[in-house]
Structure formats: C-alpha cells, structure tokens
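Just so it is clear: in the sequence shown, position 136 is 136 by the UniProt record's numbering, and no numbers are missing.
Even glycine gets a Cβ: it sits at the ideal position worked out from N, Cα and C.
Everything numeric in this text was worked out from a predicted model, so none of it was measured.
The structure appears right after this line, and notes come after that.
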Amino acid sequence: MIHKIAILGASGYTGAELVRLIATHPNMKITALSADRKAGMSMGQVFPHLRHLDLPDLVKIDEIDFSTVDLVFCALPHATSQSVISTLPQHVRVVDLSADFRLRDLDAYEKWYGKPHSAPELQEEAVYGMTEFYRDEIRDARLVAGTGCNAATGQYALRPLIEAGLIDLDEIIIDLKTGVSGAGRSLKEGFLHAELSEGSHPYAVGGVHRHLGEFDQEFSKIAGRPVKVQFTPHLLPANRGILATVYVKGDAQAIHDAFAKAYGSEPFVVILPFGEVPSTRHVRGSNFVHLGVVADRREGRAIVVCALDNLTKGSSGQALQNANLMLGHEETAGLMLAPVFP
Numbered sequence: 001m002i003h004k005i006a007i008l009g010a011s012g013y014t015g016a017e018l019v020r021l022i023a024t025h026p027n028m029k030i031t032a033l034s035a036d037r038k039a040g041m042s043m044g045q046v047f048p049h050l051r052h053l054d055l056p057d058l059v060k061i062d063e064i065d066f067s068t069v070d071l072v073f074c075a076l077p078h079a080t081s082q083s084v085i086s087t088l089p090q091h092v093r094v095v096d097l098s099a100d101f102r103l104r105d106l107d108a109y110e111k112w113y114g115k116p117h118s119a120p121e122l123q124e125e126a127v128y129g130m131t132e133f134y135r136d137e138i139r140d141a142r143l144v145a146g147t148g149c150n151a152a153t154g155q156y157a158l159r160p161l162i163e164a165g166l167i168d169l170d171e172i173i174i175d176l177k178t179g180v181s182g183a184g185r186s187l188k189e190g191f192l193h194a195e196l197s198e199g200s201h202p203y204a205v206g207g208v209h210r211h212l213g214e215f216d217q218e219f220s221k222i223a224g225r226p227v228k229v230q231f232t233p234h235l236l237p238a239n240r241g242i243l244a245t246v247y248v249k250g251d252a253q254a255i256h257d258a259f260a261k262a263y264g265s266e267p268f269v270v271i272l273p274f275g276e277v278p279s280t281r282h283v284r285g286s287n288f289v290h291l292g293v294v295a296d297r298r299e300g301r302a303i304v305v306c307a308l309d310n311l312t313k314g315s316s317g318q319a320l321q322n323a324n325l326m327l328g329h330e331e332t333a334g335l336m337l338a339p340v341f342p
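Here is the structure:
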C-alpha cells in the first residue's frame, strides 16, 4: 500500500532530509510540500540536489487538501506546530519534528521554552519519539513528538545504564559537539563562514540548554527519582553530525555488556568493540548510531562516546522510522542507506 505524505516546512534542512529519505521509500509518496517565504517555488529551486525528483511545488499550508493525506511530517519552527497540528483532520497521523510536544509536563514546557503550551489537549496524546524505547506506543499513536538531536544522542549513551542501575546517577557529565545544521537554515550572523570556521565554542553553558528538559524528563522517569546531568554543548565548524563524550562512574565492561544486551537487536544502533570510539565521519548522512565504551584510567569510571547524524537519526531519519511504525511498514524502509564517506 502506498501512503500519501505531506511535509510542512519543507524548505528547511529537516524538510529536505525527509524528502531525500522518502525518495527511496517503497510505500510512501509525497503529495504536498509547504513553505512560507518560498511558497510557489519548486523543491529543485530551493534545494538543487533534489531537482531530479518528481515533487509537488511548495505551497502555503492553507492550500493543502489534507482529506487524502495519510501522514504529515511537521518540520515547522518551535511554537508553530501546536497551532498548525490543532487544525489538522483527525484521520491524519502526525510526526512533529519541533520541540512543541516533547515535554509531557506543561509547566516544564513553559520553563524551557518561555511561553505557555497552546495545545494541552494534544500534548496529552503525544508519544515521545525515541523509537528504540517507545516502539509499541509509537505504533498506535496519532501524534509522535520527535526528540531533540542532542537529547537523542545523550539518551542512547545513558538510558540502558540508568535502567540497569550501573552508574552513579549524581555523577554524569555529557560533553557534546554538534554541527551547525542543527541550528536550522535561517540566516544568523554567528553562523556565517567567517564567524564559525576555524574554531569551536561552547554555548548554552551552565544548564540553560532546552534539551536538558528532555534529559530531566526521561532519565528521571527511568530512575524513579530526579536525575540532573551536567551538559555542555559545543558548536563545531562542520555541517552535520553530533559526538557526545559521556563521563560516568561505573564498570566499563559491565556498561559495554549492557549496551550489547539493550541494543543487540536494534537495526540502527552499532556497538563498537570494547575500547574503540566512534566518529561523526562514520555515520554521516545515515540513520545509524555508533556507541563506544572505554575504561578510564581511574578505577570504576568509564567513558561512553556516541555519534549520530543530527539531521538523520537525530531528526528526519528518526521521524521516518517512527512513521514506518505508525503506518505498518517495515521499520527500516527508506533508511538503510549507508553513511557517506569520506
């Protein structure tokens, strides 16, 4: 069966990544693409690397007929998705790539995003989109909230360890580096080539990064008590990719064994041999996650390193993986592309 797909916000990086992935999908057809400022243009004009594809032109959202659409990918800016999704017909299933439905607690949403939630009734039905851990709930959901790309990376490195009780919950440090595409396509002075290249810097330092809301929510839920990690992201002069180095107090070999047990049957999570560490180069453009574990020189401490592509597994690939479950397709459909190297 071929399902009809609409992508809202298709002129952004995650929208383009969705188009790239769905182009190889055997059971999905893109029937509508929306954009705001670029409405009326073709996708090939906005993204020349996609000009070989037969795609509908970009239109305003209110020009789309959703009566024949089976699933919508909502790749709109934060705080926009709430109002747009509220207007969609009930038969349309939705995967939201923004932050609008990630946090279950409405007060937590207001704390981290600076405004009250405008669609609390939708928040009640939203399922957190970490596929490997919410697979059954995602399969039956009408609305799935994609995770933050940084939040996903840290969770792959830590969820199995917290669940197995292998690490000290009060001594977790996440040192993360991310490519600039995670900030979106809008023009910002600090992301100009001359401002960003040949250097790297931390940002949102000291516990103010919004993805901490997801870490607090998910880790505390698993542990059954509050868990607050130390988290510092750094901006890299690279287009895409995330590398998280996570410092924990626990036995390194037991941690590696726990990963092998937790992720052994997962199609997209690769556990490296003990003592080896991953690179963003080896997951670029793919839906794969690479995890490595190294024993620290201090006894009883370990270093976990996780790499993924922020636009694919951290966002659009994760969204397609969830959509596959929701529509009854093979979970890996459209997602087995090998990473791009070099």
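Between residue 69 and residue 34, the CB-CB gap reaches or exceeds 8 Å. The three-state reading of DSSP puts residue 233 in strand, counting E and B together. Inclusion of residue 79 and residue 111 in the CB contact set at 8 Å is not warranted, their separation being larger than that value. If you draw a 10 Å sphere on the C-beta of residue 202, you find fewer than 16 other C-beta atoms in it, and that means exposed. The C-beta distance from residue 319 to residue 146 rounds to 5 Å, short enough to fall under 8 Å. In this chain, residue 203 is not harboured by any beta strand (DSSP E), its DSSP state being neither H nor E. For residue 287, the number of other beta carbons within 10 angstroms of its own is at least 16, and it is reported as buried. When DSSP states are grouped into helix, strand and coil, residue 28 belongs to the strand group. Contact check for residue 252 and residue 25: beta-carbon distance about 39 Å, past the 8 Å limit, so the pair fails to qualify.
Restricting attention to 234, 209, 308, 64, the CA atom closest to the CA of residue 196 is found in 234.
Contact check for residue 219 against residue 208 fails: the beta carbons are separated by 8 Å or more. Here residue 96 is bridged, per DSSP, to 74, 145. Note that the C-beta distance between residue 229 and residue 167 is not below 8 Å. Around the beta carbon of residue 313, a 10 Å sphere encloses 16 or more other beta carbons of the protein chains shown; the residue is thus reported as buried. Per DSSP, the unbroken beta strand (DSSP E) holding residue 244 starts and ends at 242–249.
Contact between residue 240 and residue 186 fails: their C-beta atoms lie close to 17 Å from each other, not under 8 Å. Taking the CA atoms as reference points, residue 92 sits about 38 Å from residue 258. Here residue 17 is buried, its C-beta having at least 16 other C-beta atoms within 10 Å. In this structure, the beta-carbon distance from residue 75 to residue 12 falls below 8 Å. When rounded, the separation of the alpha-carbon atoms in residue 138 and residue 194 is 42 Å. With fewer than 16 other Cβ atoms from the protein chains shown falling within 10 Å of its own Cβ, residue 225 counts as exposed.
Bounds of the alpha helix (DSSP H) holding residue 213 are 212–223. In the three-state scheme derived from DSSP, where H, G and I count as helix and E and B as strand, residue 181 is classed as helix. Residue 71 holds the alpha-carbon nearest to the alpha-carbon of residue 327 among 204, 301, 71, 37. In the DSSP secondary-structure assignment, residue 290 is bridged to 270, 307. With contacts defined as CB atoms closer than 8 Å, residue 73 and residue 95 qualify as a contacting pair.
Beyond the five residues adjoining it in sequence on each side, residue 222 comes within less than 8 Å, by CB distance, of 159, 162, 163 in the same chain, given in chain order.
Per DSSP, the continuous beta strand (DSSP E) segment holding residue 3 begins and ends at 3–8.
Taking the Cβ atoms as the reference, residue 255 lies roughly 7 Å from residue 304, within the contact range of under 8 Å. Put simply, the backbone Cα of residue 295 is about 15 Å away from that of residue 271.
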